Amino acid sequence: MAKASLQAIRDASPAILPSLLLTDFGDLKGELARLEQAGARVLHLDVMDGHFVPNLTYGMPIVEGLRRHTEMPLDVHLMISDPLAYAEPMVKAGADVLTFHVEAVHDPRATAERIAELGVGVGIALNPETPIGSLVDCLPVVDQVLVMSVDAGFGGQKFNPVALEKLRVLRQEYPDLLLEIDGGIDPETIGKARAAGCDLFVVGSAIFRHDDYGVAFKELNAAMTAAEDAEL
Ligand code: DX5
Ligand code: ZN
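Written out as structure tokens, the structure reads:
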């Protein structure tokens, strides 16, 4: 199921992934319906442990609850100090892709290999100050790279353009890698990220602070498509 979901993510790209950080947790079923109606095809789940990042969100019960009510692939962003301690429970809860931070572990390649053994897609994330050289060892064993355009930990931060150069280099050197960007993505920044070669665009505030998720998706899609047309 999970590897099929990875293919579904590839097929959906370029795609806008709502980040469930600012969602209405009191009405997750309603939120799922509104997001699907707006055009969401993949969900991004931000798991924070209050240790790797100074913020605390949610864990397996929310992932499992969402899994019961949607068929959309669940792209789980682990902002936690010990990703391997929770990898298997996350897969059991229904995660399709598990992304861990290169800054969190001693041996990123071994971590990626252990996650891959669980049968899910593997992603590796890096914060704005972390160079892409830190990924080289594990790129052959990961499915996607999550380039952070803010410091992991909170929604609503300002986009850091250092992410664009990383995307350009990765796109050029690894044409088949799924590239994802996360942080400060809005109708202005999404076009820049698309032009830099990004496939998956994680969006929190620009969707959840909008009165109408459908309109938010339309604005983001239009800006993404305009960037593609400008490339032609
Ligand atoms: C930040 C999270 C993001 C965040 C994005 O640590 O990984 O997914 O929710 O939110 P915005 O779009 O508001 O920057
Ligand atoms: Zn995220």
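Here the numbering used here is used: the first residue of the sequence shown is 134, the next is one more, and so on. C-beta: ideal position from N, C-alpha, C; glycine also. The structure displayed is predicted, hence computed values, not measured ones.
- Take the alpha-carbon of K162 and the one of T156: they are about 11 Å apart.
- Counting only beta-carbon distances shorter than 6 Å to the non-hydrogen atoms of ligand 2, the qualifying residues in chain order are S152, H177, D179, H210, D315 and V335.
- Per DSSP, reduced to three states, the secondary structure at V269 is helical.
- Under the three-state reduction of DSSP, I257 is assigned to strand.
- Note that the C-beta distance between D229 and L207 is below 7 Å.
- Restricting attention to beta strand (DSSP E) runs no shorter than 3 residues, the region 218-249 encloses them at 230-234, ordered along the chain.
- When beta bridges are read from the DSSP output, V180 appears opposite L211.
- With respect to the 7 Å criterion, V196 and L231 are not classified as neighbours on the basis of their beta carbons.
- Put simply, of V278, I314 and G317 the residue whose alpha carbon is nearest the alpha carbon of E306 is V278.
- Leaving aside the five residues that flank A171 on each side, the residues in its chain whose CB is nearer than 6 Å to its CB run, in chain order, Y346, G347 and F350.
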